[in-house]
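With numbering that gives the first Met the number 0, the residue at position 15 of the sequence shown is 14, and numbering never jumps. Note that beta-carbon positions come from the ideal geometry of N, C-alpha and C, so glycine has one too. Report on the structure given below.
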Amino acid sequence: MVTQILKEEGILPLSRVRKDMVELAGGKGANLGELLSQGIRVPPGFVITSKAYSYFLDYNGLRDKIVSILKEEESSEKASERIKHLILTSQVPHDLEEMIYGSFDELSRSVGKEILVAVRSSATAEDIESASFAGQQDTYLNVKRANLINMVKAVWASLYNARAIEYRKSKGIDSSKVEMAVVVQKMVNSRSSGVMFTLNPSNGDRNFIVIESSWGLGEAVVGGKVTPDEVIISKSDLKIMDKRIAKKSMKIVYNQGNNVEVPLNGDESESPSISDEEALELAKLALKIESHYGMPMDIEWAIDADMKFPDNVFIVQARPETFWASKGKEVVKSTTQPTERKVLVKGLAASPGIASGKARVLMDVRESKDFQKGEILVTRMTDPDWVPVMKIASAIVTDEGGITSHAAIVSRELGIPAIVGTKDATKVLETGQEITVDATRGVVYAGRIVAEEPKQEHQGTSVSGLSRDVLLSLFPVTGTKIYMNLGQPDIIEKYLDLPFDGIGLMRIEFIVSEWIKHHPLYLIKIGKPDEFVNKLADGIARVASAIYPRPVVVRFSDFKTNEYRGLIGGEEFEPEERNPMIGWRGVSRYVSQQYEPAFRLEVRAIRKAREEMGLKNVWVMFPFVRTTWELNKAIGIMEGEGLRRSGDFKVWIMAEVPSVITMADEFSKMVDGFSIGSNDLAQLTLGVDRDSEILGRMGYYDERDPAVLRSMKRLIRIAHKYGRTVSICGQAPSVYPEVTEFLVKEGIDSISINPDTVIYTRRLVASIEQKLLLRRR
Numbered sequence: 000m001v002t003q004i005l006k007e008e009g010i011l012p013l014s015r016v017r018k019d020m021v022e023l024a025g026g027k028g029a030n031l032g033e034l035l036s037q038g039i040r041v042p043p044g045f046v047i048t049s050k051a052y053s054y055f056l057d058y059n060g061l062r063d064k065i066v067s068i069l070k071e072e073e074s075s076e077k078a079s080e081r082i083k084h085l086i087l088t089s090q091v092p093h094d095l096e097e098m099i100y101g102s103f104d105e106l107s108r109s110v111g112k113e114i115l116v117a118v119r120s121s122a123t124a125e126d127i128e129s130a131s132f133a134g135q136q137d138t139y140l141n142v143k144r145a146n147l148i149n150m151v152k153a154v155w156a157s158l159y160n161a162r163a164i165e166y167r168k169s170k171g172i173d174s175s176k177v178e179m180a181v182v183v184q185k186m187v188n189s190r191s192s193g194v195m196f197t198l199n200p201s202n203g204d205r206n207f208i209v210i211e212s213s214w215g216l217g218e219a220v221v222g223g224k225v226t227p228d229e230v231i232i233s234k235s236d237l238k239i240m241d242k243r244i245a246k247k248s249m250k251i252v253y254n255q256g257n258n259v260e261v262p263l264n265g266d267e268s269e270s271p272s273i274s275d276e277e278a279l280e281l282a283k284l285a286l287k288i289e290s291h292y293g294m295p296m297d298i299e300w301a302i303d304a305d306m307k308f309p310d311n312v313f314i315v316q317a318r319p320e321t322f323w324a325s326k327g328k329e330v331v332k333s334t335t336q337p338t339e340r341k342v343l344v345k346g347l348a349a350s351p352g353i354a355s356g357k358a359r360v361l362m363d364v365r366e367s368k369d370f371q372k373g374e375i376l377v378t379r380m381t382d383p384d385w386v387p388v389m390k391i392a393s394a395i396v397t398d399e400g401g402i403t404s405h406a407a408i409v410s411r412e413l414g415i416p417a418i419v420g421t422k423d424a425t426k427v428l429e430t431g432q433e434i435t436v437d438a439t440r441g442v443v444y445a446g447r448i449v450a451e452e453p454k455q456e457h458q459g460t461s462v463s464g465l466s467r468d469v470l471l472s473l474f475p476v477t478g479t480k481i482y483m484n485l486g487q488p489d490i491i492e493k494y495l496d497l498p499f500d501g502i503g504l505m506r507i508e509f510i511v512s513e514w515i516k517h518h519p520l521y522l523i524k525i526g527k528p529d530e531f532v533n534k535l536a537d538g539i540a541r542v543a544s545a546i547y548p549r550p551v552v553v554r555f556s557d558f559k560t561n562e563y564r565g566l567i568g569g570e571e572f573e574p575e576e577r578n579p580m581i582g583w584r585g586v587s588r589y590v591s592q593q594y595e596p597a598f599r600l601e602v603r604a605i606r607k608a609r610e611e612m613g614l615k616n617v618w619v620m621f622p623f624v625r626t627t628w629e630l631n632k633a634i635g636i637m638e639g640e641g642l643r644r645s646g647d648f649k650v651w652i653m654a655e656v657p658s659v660i661t662m663a664d665e666f667s668k669m670v671d672g673f674s675i676g677s678n679d680l681a682q683l684t685l686g687v688d689r690d691s692e693i694l695g696r697m698g699y700y701d702e703r704d705p706a707v708l709r710s711m712k713r714l715i716r717i718a719h720k721y722g723r724t725v726s727i728c729g730q731a732p733s734v735y736p737e738v739t740e741f742l743v744k745e746g747i748d749s750i751s752i753n754p755d756t757v758i759y760t761r762r763l764v765a766s767i768e769q770k771l772l773l774r775r776r
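What follows is the structure, given as structure tokens:
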């Protein structure tokens with residue numbers, strides 16, 4: 000059976016791949032196949048699909064070993080080292096090896112000569128709209144037939160690069176569930192190459208196409224190793240509006256089996272690496288790609304030295320632009336001119352904003368151990384290994400790179416001001432020097448400068464003077480409320496301009512584990528219960544005040560025993576359970592003699608936020624409710640602490656245990672609303688451990704299963720019969736648009752999703768509601 004599937008779907012020519020085949024061909028492969036289907040020139044090649052990768056894992060018995068390592072190792076570096084060794088030392092099955100060689104030989108015959116290929120990563124979570132995975136996995140260029148199998152294994156192994164594991168953690172993506180396809184393409188003999196965006200990536204202006212170009216292979220531009228030439232083209236009339244020719248210090252070329260950095264001097268270093276004719280041809284292709292995908296795109300391209308124009312202009316990758324799409328707003332421009340200030344260096348404004356602080360000049364990431372949070376990182380260039388440092392920097396300044404370099408892309412995603420391509424920042428600026436980075440204008444000033452402009456932006460005032468409320472009104476109005484899930488209070492400011500109607504799930508676990516750090520019963524034991532109450536109230540208040548008067552549904556704690564044991568003092572109070580997932584968690588804790596005193600601290604924190612801080616938009620939600628009697632008892636404890644249901648204080652429960660669906664009529668008499676926890680509801684309805692690799696591969700764990708959807712439908716109907724609201728805060732609507740459509744059709748009151756899907760979901764819901772209205776006419 001495996002062999003038959005392998006024959007049909009193990010390897011696919013790019014001409015057979017389409018954009019909806021991400022699970023099979025990965026993000027990169029799916030996008031390249033889709034481009035080819037639309038007549039866009041891409042280098043010929045084939046995809047070694049995720050089915051082939053799965054076959055390799057199963058043949059060598061690697062799945063459970065990988066899961067075990069990810070669970071055992073807290074360090075991403077150690078986990079990476081062990082998993083990559085497993086993959087690299089395992090044997091590729093003979094039949095799969097023969098298929099790979101056969102596809103390579105067929106590609107060579109189609110070209111007419113022995114070829115070199117690029118062996119490129121194409122992970123199944125790669126190049127999606129919500130995140131940029133650039134640089135997380137590896138690509139190998141100029142690969143010969145003799146090295147092909149080893150390079151394919153190396154790409155598979157790179158799925159578990161330490162930086163890739165860490166990045167997926169930050170995005171909430173389960174590393175053990177991501178698979179890898181491999182794209183094999185004929186190498187382009189790149190005379191020039193680079194990247195282009197179908198908007199201006201420094202400010203989000205969609206009226207322009209920005210092309211960055213340099214000599215040789217594209218790694219120089221994508222990796223930020225040179226300051227590239229830049230061409231800005233107007234979309235409306237395809238006219239070149241601006242052109243900047245940089246002094247390019249080097250180029251990367253293929254030479255005798257290796258990519259070699261060649262220094263550039265004289266005319267070549269200062270000559271345009273792309274002609275106007277070539278730039279306009281690229282712009283035409285960019286418009287075609289953007290029109291097809293219906294969104295701004297990030298595109299890599301190359302010009303072949305062996306071919307004639309325009310057949311030598313190739314698109315080698317296209318993916319959705321992630322930063323401005325997730326922010327949901329347009330251009331950020333300067334509104335004031337600086338007063339007399341000492342300018343130290345200038346560069347390209349890559350990620351807008353302004354920050355003051357002490358500079359720290361680092362020439363190597365290995366020097367970063369002393370880097371302090373809030374310092375300004377000054378370096379030659381960045382790559383994915385710099386991400387941990389970038390996360391804690393207040394701003395970033397680089398010598399090299401363009402506005403589509405690694406430093407620029409990651410800075411925009413992190414919301415950190417960044418200036419790139421300054422040429423000499425590492426020489427001009429000194430560690431410890433007080434500077435101000437104005438990344439709206441691309442200027443670094445001496446000293447700390449108080450800036451009013453960012454405060455205005457922070458409050459949502461746009462260039463045109465429109466308030467945040469007016470800007471948000473430009474998004475479609477939906478009858479179904481669009482709520483947002485949130486775990487970290489200190490990042491709420493980052494999402495204030497998103498069009499959400501409230502927080503449908505505020506998890507307090509982050510506040511407990513990162514701010515409080517101590518087990519609540521331990522704090523009670525040592526006489527410091529107020530420390531828990533005050534810090535929890537402060538975290539809740541940070542969010543509730545930022546979005547007031549929109550509601551914040553705070554879920555009471557839902558740690559499992561193994562998680563509580565990890566808190567300071569936790570081992571004294573927590574038993575060891577064989578299956579914490581269905582053990583002592585949720586409401587069963589609150590009503591137990593042991594934990595009730597700690598639950599009262601959570602209630603007091605809610606009351607403090609509502610009454611002492613005046614945040615009446617704070618509601619509560621009980622997690623993992625099993626029975627009516629336990630909920631009744633927990634509500635009684637809450638009321639004993641002075642919190643009672645009222646017109647402005649709603650009490651919800653999570654609907655994640657099937658008993659809540661079965662007894663929905665009785666629960667409706669006790670609460671104001673329900674929120675579906677689709678992850679646990681699927682797990683418990685289907686009797687499937689959602690962490691089981693075996694059952695997951697076999698298709699058992701699926702939140703779209705008819706039994707799960709029927710449960711959701713039943714809950715909505717019964718709750719509405721009793722005048723109660725129903726929301727959903729599980730993962731399903733963030734991942735499956737068809738679940739969103741199903742719930743909207745069934746009349747769900749609100750949908751709470753991850754921040755990166757708020758804009759998409761609001762538009763999706765609006766279109767579904769519009770379709771329903773048209774059908775009823």
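Secondary structure at Ile239, three-state DSSP: helix, strand or coil?
Reading the sequence shown from its first residue, position 240 is the one you call residue 239. Ile239 carries a strand assignment under DSSP once its states are collapsed to helix, strand and coil.
Tell me which same chain residues have a C-beta within less than 7 Å of the C-beta of Ile127, skipping the five on either side of it? Position 128 of the sequence shown holds residue 127. Reliability fails at Ile127, whose pLDDT of 44 lies under 50, so the model's placement of it is uncertain and no value is given.
Measuring only the C-alpha atoms, how far is Trp514 from Gln487?
Walking along the sequence shown from the start, residue 514 turns up at place 515. Walking along the sequence shown from the start, residue 487 turns up at place 488. Near 10 Å, if we compare the C-alpha coordinates of Gln487 and Trp514.
- Message: With distance defined between alpha-carbon atoms, name the residue in Lys744, Asp748 and Ala597 nearest to Leu771.
- Response: Stepping through the sequence shown from its first residue, residue 771 is reached at position 772. Comparing Cα positions, the closest option is Lys744.
Using the C-alpha atoms, what's the distance from Leu115 back to Asp310? As a working note, residue 310 is residue 311 in the sequence shown. As a working note, residue 115 is residue 116 in the sequence shown. C-alpha separation (whole angstroms): 19 Å.
#### Entry: Straight-line Cα distance separating Arg564 from Val552
Taking the first residue of the sequence shown as 1, we reach residue 552 at position 553. Taking the first residue of the sequence shown as 1, we reach residue 564 at position 565. Separation of Val552 and Arg564 (C-alpha to C-alpha, rounded to the nearest whole angstrom) is 26 Å.
query: Taking C-alpha atoms, which residue in Ser591, Arg62 and Arg577 lies nearest to Glu178?
result: Within the sequence shown, the letter at position 179 stands for residue 178. That would be Arg62, whose Cα lies nearest to the Cα of Glu178.
*asked:* Rounded to the nearest angstrom, what separates Tyr735 and Ala245 at their Cα positions?
replied: Looking up residue 735 in the sequence shown gives position 736. Looking up residue 245 in the sequence shown gives position 246. Looking at the two C-alpha atoms, the distance is approximately 45 Å.
- Beta-carbon proximity check, Glu7 vs Thr48, cutoff 8 Å: Counted from its first residue, the sequence shown places residue 7 at position 8. Counted from its first residue, the sequence shown places residue 48 at position 49. No, the pair does not count as a contact, with Cβ atoms beyond the cut-off.
- Task: Quick one: which unbroken alpha helix (DSSP H) runs of 4-plus residues sit fully inside the stretch 501-570? Chain order, please.
- Result: 519-524, 528-546 and 560-564
### Message
Am I right that Pro416 and Ala394 are in contact with their C-beta atoms under 8 Å? What's the rounded C-beta distance?
### Response
If you number the sequence shown from 1, residue 416 lands on position 417. If you number the sequence shown from 1, residue 394 lands on position 395. Contact holds; Cβ gap of about 4 Å.
Locate the alpha helix (DSSP H) running through Pro12, then write down its first and last residues.
-> Start at 1 with the first residue of the sequence shown, and residue 12 comes out as number 13. No alpha helix (DSSP H) holds Pro12; the beta strand (DSSP E) holding it covers Ile10 to Pro12.
Nearest to Asn160 (by Cα), restricted to the options Ala122, Phe555 and Tyr100: For the purposes of this step, residue 160 is taken as the residue at position 161 of the sequence shown. Checked all of Ala122, Phe555 and Tyr100; the closest Cα to Asn160 is Ala122.
According to the neighbour-count rule (16 or more other Cβ atoms, all chains shown, within 10 Å of its Cβ), is Pro295 buried or exposed?
Walking along the sequence shown from the start, residue 295 turns up at place 296. By the 10 Å Cβ count, Pro295 comes out buried.
**Request:** Measure the CB-CB distance between Ile448 and Ser355 and report whether it falls below 8 Å.
**Result:** By one-based count along the sequence shown, residue 448 stands at place 449. By one-based count along the sequence shown, residue 355 stands at place 356. Yes; because the gap between Cβ atoms is below 8 Å, this pair is in contact.
- Query: Which residues bound the alpha helix (DSSP H) around Thr760?
  - Reply: Taking the sequence shown and counting its residues from 1, one reaches residue 760 at position 761. The continuous alpha helix (DSSP H) containing Thr760 extends over residues Val757 to Arg775.
Point to revise | Neighbour-count burial assignment, Gln184, 16 or more Cβ in a 10 Å radius | key: Working through the sequence shown from its first residue, we reach residue 184 at position 185. It is buried - the Cβ of Gln184 has at least 16 other Cβ atoms within 10 Å.
Beta-ladder partner(s) of Ala318, from DSSP: Taking the first residue of the sequence shown as position 1, residue 318 is located at position 319. The question names Ala, but residue 318 is Arg in the sequence shown. BP columns for Arg318 point to Asp297.
| message | Applying the 10 Å Cβ sphere with the 16-neighbour rule, what's the burial state of Trp651? | response | Walking along the sequence shown from the start, residue 651 turns up at place 652. Trp651 comes out buried.
**Item:** Bridge partner(s) assigned by DSSP for Met653
**Value:** As a first step, residue 653 is located in the sequence shown; it is residue number 654 there, counting from the start. Per DSSP, Ser674.
For Glu125, is the classification buried or exposed, using 16 other Cβ atoms within 10 angstroms of its Cβ as the cut-off for buried? Sequence index remark: in the sequence shown, residue 125 carries index 126 (1-based). The predicted model places Glu125 with a pLDDT of 47, which falls under 50 and marks its position as unreliable, so this point remains unresolved.
- Message: To the nearest angstrom, how far is the alpha carbon of Arg761 from that of Met362?
- Response: As a first step, residue 761 must be located in the sequence shown, where it is residue number 762. As a first step, residue 362 must be located in the sequence shown, where it is residue number 363. C-alpha separation (whole angstroms): 44 Å.
Going by other Cβ atoms of all chains shown within 10 Å of its Cβ, with 16 needed for buried, is Pro574 buried or exposed? Residue mapping note: residue 574 aligns to position 575 of the sequence shown, counting from 1. Classification of Pro574: exposed, given that the 10 Å Cβ count is below 16.
Pro351 versus His405: straight-line alpha-carbon distance, rounded: In the sequence shown, the residue the question calls residue 351 occupies position 352. In the sequence shown, the residue the question calls residue 405 occupies position 406. Rounded to the nearest angstrom, the two C-alpha atoms are 15 Å apart.
| Secondary structure at Ile172, three-state DSSP: helix, strand or coil? | The residue you call residue 172 lines up with position 173 of the sequence shown. Note: Ile172 maps to coil in three-state DSSP.
| Would you say the stretch 543-562 touches the stretch 498-505, given that touching needs at least three Cβ pairs under 8 Å? | yes
task: Assign Ala358 to one of three DSSP states: helix, strand, or coil.
output: For this step, residue 358 is matched to residue 359 along the sequence shown. Reduced to three states, the DSSP call for Ala358 is strand.
Let me check one thing: in DSSP terms, what residues is Ser350 bridge-paired to? The sequence position of residue 350 within the sequence shown is 351, counting from 1. In DSSP, Ser350 forms a bridge with Ala417.
I need the straight-line Cα distance from Ile208 to Leu216, nearest angstrom please. As a position in the sequence shown, residue 208 is number 209, starting the count at 1. As a position in the sequence shown, residue 216 is number 217, starting the count at 1. Distance between the alpha carbons of Ile208 and Leu216 is about 21 Å.
Practice item. Answer with buried or exposed for Phe308, where buried requires no fewer than 16 other C-beta atoms within 10 angstroms of its C-beta. Key: Within the sequence shown, residue 308 is the residue found at index 309, counting from 1. Counting every other CB atom within 10 Å of its CB across the protein chains shown gives Phe308 a total below 16, marking it as exposed.
Tell me the start and end of each unbroken beta strand (DSSP E) in the stretch 561-640 that is at least 3 residues and wholly inside, in chain order. 617-621
Legend entry - Cβ-Cβ distance between Arg625 and Ser667 below 8 Å: Residue 625 sits at position 626 when you count from the first residue of the sequence shown. Residue 667 sits at position 668 when you count from the first residue of the sequence shown. No, the pair does not count as a contact, with Cβ atoms beyond the cut-off.
With C-beta atoms as the reference, is Leu683 less than 8 Å away from Val656? One-based indexing of the sequence shown puts residue 683 at position 684. One-based indexing of the sequence shown puts residue 656 at position 657. It is a contact, given that the beta carbons lie within the stated cut-off.
- Message: Quick check: the Cα distance between Asn141 and Tyr253, rounded to an integer number of angstroms?
- Response: Position 142 of the sequence shown holds residue 141. Position 254 of the sequence shown holds residue 253. Asn141 and Tyr253: Cα-Cα distance of roughly 7 Å.
- Task: Give the single residue among Phe598, Ile231 and Asp679 whose Cα lies nearest to the Cα of Asp701.
- Result: By one-based count along the sequence shown, residue 701 stands at place 702. Measuring from the Cα of Asp701, the nearest candidate turns out to be Asp679.
With a CB to CB cut of under 7 Å and the five nearest residues on each side skipped, what residues in its chain are close to Pro453?
Along the sequence shown, one-based indexing puts residue 453 at 454. Since pLDDT at Pro453 reaches only 37, below the 50 mark, its modelled position is unreliable, and the value read off the structure follows with that caveat. Closer than 7 Å at the Cβ level, and outside the excluded window around Pro453, lie Gly352 and Ile353.
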